[in-house]
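Colleague: Pasting a structure below so you can have a look.
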Amino acid sequence: MTQSAQQMFDLHRDILDQAVGAISSRNFWTPYPESMRKYPEDAVKAAPSRFESLLNQPFTLNSVGSTHHVGGEVSPYGFELGITYNQPSPDELIVAMQVAMRDWRDAGAQARVGVCLEVLSRLNAMSPEIAQTVMHTSGQGPLMAFQAGGPHAQDRGLEAVAYAWQAMAQIPATAQWVKPQGKHDPIVMDKRFHIVPRGISLVVACSTFPTWNTYPGLFASLATGNPVILKPHPGAILPVAMTARVVQQVLEEAGFDPCLVSLVPDTVDAPLTKTLALDPAVKLIDFTGSNTFGDWLIDNATQAQVFAEKAGVNTVIIDSVDNLKAVTANLAFSLSLYSGQMCTTPQAIYVPKSGIETSDGHLSFDDVAAGLAKAVQAFLSDNDRACTVLGTLQSMDTQARIDECRGLGEIVLDSESRKHAQYSDARIHTPLILKVDAAQKATYGEERFGPISFVIATENTAHSIELARDVIREKGAITLGGYTADEAVAEQFEELAMEVATPLSLNLDGGIFVNQSAAFSDFHATGGNPAANASLCNQAFVASRFVVVQSRRHGQPN
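FYI, the numbering for the sequence shown is 815 to 1372, going by our numbering.
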């Protein structure tokens, strides 16, 4: 271990110990404040100008071998970024990474974890600036871009480091094995145990959450000794490039080859992901995105272990409620947040066609649907707040999907465009809510990415549970919500959650929403249904990124 790496480990050891404690207790804990007021005022005020200083010029990183420039990002708020990035030759980069991996492997767990912790600390200090890059590539609103793109993403990265440290620390470096032989001398073996990385890791980032979905795979692989190729989405390169720059700087300061983490950007017209994914040296792949490409990776990149978060049909079942106004207000926020472009946003909302019971008496199916629409309208009635919460549509395809879905059911609340006070060309659209019958499974049983949801008329709650079970088993889900005043029904929801391996949120009507997933406490996805084959984050997500190779020889008893 280099002296610099040891110093980094020592500096952040207390944070590491607390993180390991948090993943065991599952209590609330974070070292990275989510309130912008906790960051230096000068850094917050300077963030927009620092972002602007990056525009319309090359972004420099350490690159291996021959390169050429790529770019083409356009902010969903309506302007071109004009940034170009070096695209290294994949073949030359992989050779260099394989050479650099030996020193990184031999440095040991403390060195690697120390570097990762220092990287996260520096990224946290840059959160206001990173927020600007996330906002203008993903289209998230400013507050969400700060929290999800900054401290919450860093939480997930630290969580992966904590699991990696925990898994590696369980393996002793040496052991003496002594087997008694009765009257004869014991058999003595001296053993050594080496943590050996799998190989090169490919992290395929998404356009909607370019840091939050990237950091778990990046830090899980890096901490366990694997070099990492960061392959950003062509529309959201900058936040990943900024991350790569920080990692490279820390690696170099710690005495390691900065190419251990390298950016390989591409374009929509000339994609590189398949080429990278099929390289025999790539042994780990982290992917967030569509079912089609996620399935392709699993089926074709057979030399690698693929951790894939894909698409699903997130579900809410309403049986009965205490206060419908509180429930619909909670759901209105969930449906509106980032224009439904979260992997946790509800889409299928099952309600008995005979209606539900509330503390104010019986309400019909139409009453429930209308109440939800009214809550969304009220929540988004202030345009400035609406634009902040909705953010923008990251892709033009999502805008087209809203138009396509209008004919799929009876419109309860139509989607409308909104004008941003500062960015007149921003793509901002409110939620579309449709009423459909339970028989229209082909309509509500497919993911419709974006601010699109269905209120589904079922025979009764038992029928709602049956339909939800069938759809999630076939299509998967990241979230499941349930509302009931009956404890027996609540237990049925718990049973359903276990059957379909989907986290359950029960009777949320306050300041916590089904969309939210808290690092160190909530397991994001389970890996147990088609929406994702891994969880962010648990032992399995990290421990399979290295193997233990032992050596043994005859020894003398101590």
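Virtual Cβ for every residue (Gly too), placed ideally from N, Cα, C.
For Pro1030, does the three-state DSSP call read helix, strand or coil?
Modeller: Three-state result, Pro1030: helix.
Colleague: Counting pairs of beta carbons, one from the stretch 987–1000 and one from the stretch 900–908, are three or more of them closer than 8 Å?
Modeller: No, the stretch 987–1000 does not touch the stretch 900–908.
Colleague: Can you check which of these residues, Gly1223, Ala1299, Gln1208, is closest to Phe1263 by C-alpha distance?
Modeller: Closest option to Phe1263, Cα to Cα, is Gln1208.
Colleague: From what residue to what residue does the beta strand (DSSP E) around Pro847 run?
Modeller: First-last for Pro847: undefined, no H or E at that position.
Colleague: Less than 8 Å between the CB atoms is what I'm expecting for His1047 and Pro1024, so what's the real figure, rounded?
Modeller: 7 Å between Cβ atoms; contact.
Colleague: Does any residue of chain C have a CB that is nearer than 8 Å to the CB of Leu1322?
Modeller: Here there is only one protein chain, and chain C is not present.
Colleague: Where does Arg916 land, buried or exposed, given buried means 16+ other C-beta within 10 angstroms?
Modeller: Under this definition Arg916 is an exposed residue.
Colleague: The beta strand (DSSP E) that contains His998, what's its start and end?
Modeller: 998–1011 is the span of the beta strand (DSSP E), which, as asked, contains His998.
Colleague: Any chance the stretch 1230–1247 sits against the stretch 1118–1127, with 3 or more Cβ pairs inside 8 Å?
Modeller: Judged by Cβ distances under 8 Å, the stretch 1230–1247 makes no contact with the stretch 1118–1127, as fewer than three pairs qualify.
Colleague: Once DSSP output is grouped into helix, strand and coil, what is the label at Ile1163?
Modeller: Ile1163: strand per DSSP, three-state reduction.
Colleague: Buried or exposed for Leu1320, going by 16 or more other Cβ atoms inside 10 Å?
Modeller: The residue is exposed, with fewer than 16 neighbouring Cβ atoms inside 10 Å.
Colleague: Rounded to the nearest angstrom, what separates Gln1370 and Ile1001 at their Cα positions?
Modeller: Approximately 9 Å between the Cα atoms of the pair.
Colleague: Might you give, ordered along the chain, the residues of its own chain that have their beta carbon closer than 7 Å to the beta carbon of Ser1173, omitting 5 neighbours on each side?
Modeller: Once the five neighbours on either side are set aside, the close Cβ partners of Ser1173 are Asp1136, Asn1137.
Colleague: Take Gly964 as the anchor and find which of Ala1125, Cys930, Trp1026 has the nearest alpha-carbon.
Modeller: Of the listed residues, the one whose Cα sits closest to Gly964 is Trp1026.
Colleague: Beta strand (DSSP E) containing Pro956: first to last residue?
Modeller: Looking at the DSSP string, Pro956 is not in any beta strand (DSSP E); the run it does join, the alpha helix (DSSP H), is 956–963.
Colleague: Output the boundary residues of the alpha helix (DSSP H) element that contains Val1285.
Modeller: That run of the alpha helix (DSSP H) goes 1275–1289.
Colleague: Suppose you measure from the CA of Ile1099 to the CA of Leu1322; what does that come to, to the nearest Å?
Modeller: In a straight line, the C-alpha of Ile1099 is about 35 Å away from that of Leu1322.
Colleague: I'd like the span of the alpha helix (DSSP H) that includes Lys1088, first residue to last.
Modeller: Unbroken alpha helix (DSSP H) run through Lys1088: 1087–1091.
Colleague: Can you give the beta carbon distance from Thr1275 to Val1328, rounded, assuming they're within the 8 Å contact cut?
Modeller: 18 Å between Cβ atoms; not a contact.
Colleague: Given this structure, state the Cα-to-Cα distance separating Met1003 from Val1362, to the nearest angstrom.
Modeller: Straight-line Cα distance between these residues: approximately 18 Å.
Colleague: Which same chain residues end up closer than 8 Å to His883 when comparing Cβ atoms and leaving out the 5 residues on each side of it in sequence?
Modeller: Once the five neighbours on either side are set aside, the close Cβ partners of His883 are Pro872, Thr898, Tyr899, Asn900, Gln901.
Colleague: Can you name the residues that DSSP bridges to Lys993?
Modeller: Note: Lys993 sits in a beta bridge opposite Ile1001.
Colleague: Can you confirm whether the stretch 856–868 touches the stretch 966–979 when touching is taken to mean that 3 or more C-beta pairs between the two stretches lie within less than 8 Å?
Modeller: The stretch 966–979 is not in contact with the stretch 856–868.
Colleague: Whole alpha helix (DSSP H) runs in the stretch 1227–1273 with 4 or more residues, listed along the chain?
Modeller: Listed in chain order, the complete alpha helix (DSSP H) runs (minimum 4 residues) inside the stretch 1227–1273 are 1255–1258.
Colleague: I need the straight-line Cα distance from Val1075 to Ser1365, nearest angstrom please.
Modeller: Going by the C-alpha atoms only, they are around 30 Å apart.
Colleague: May I ask you to list the residues that DSSP assigns as paired with Gln901?
Modeller: Partner(s): His882.
Colleague: Would you mind sorting Phe1033 into buried or exposed? The rule is 16 or more other CB atoms within 10 Å of its CB.
Modeller: Phe1033 comes out buried.
Colleague: Asn876 and Pro1079 - do their beta-carbons sit closer together than 8 Å?
Modeller: No. Outside cutoff.
Colleague: At the level of alpha carbons, what is the spacing between Leu1281 and Asn938?
Modeller: Rounded to whole angstroms, Leu1281 to Asn938 spans 43 Å at the Cα level.
Colleague: In the DSSP assignment, what are the bridge partners of Pro872?
Modeller: Answer is Thr898, bridged to Pro872.
Colleague: Would you mind giving the Cβ-Cβ distance between Ala1184 and Leu972, rounded to the nearest angstrom? I have them listed as a contact below 8 Å.
Modeller: Not really, about 44 Å apart at Cβ, beyond 8 Å.
Colleague: Taking the alpha helix (DSSP H) that Ser1335 falls in, what are its first and last residues?
Modeller: Element bounds for Ser1335: n/a, residue is neither H nor E.
Colleague: Is Trp991 buried or exposed, if buried means 16 or more other CB atoms sit within 10 Å of its CB?
Modeller: Flag for Trp991 reads exposed.
Colleague: Return the residue from the list Ser1148, Gly1324, Leu934 that minimises the CA-CA distance to Gln1161.
Modeller: When only C-alpha atoms are compared, the closest one is Ser1148.
Colleague: Could you work out which residue in Arg1287, Gly1290, Gly1324, Thr816 is closest to Gly922 when comparing CA atoms only?
Modeller: The option with the nearest alpha carbon to Gly922 is Thr816.
Colleague: Rank Ser838, Leu1222, Val948, Thr988 by C-alpha distance to the C-alpha of Asp1251 and give the top, closest one.
Modeller: Looking at the Cα atoms, Leu1222 is the closest of the given residues.
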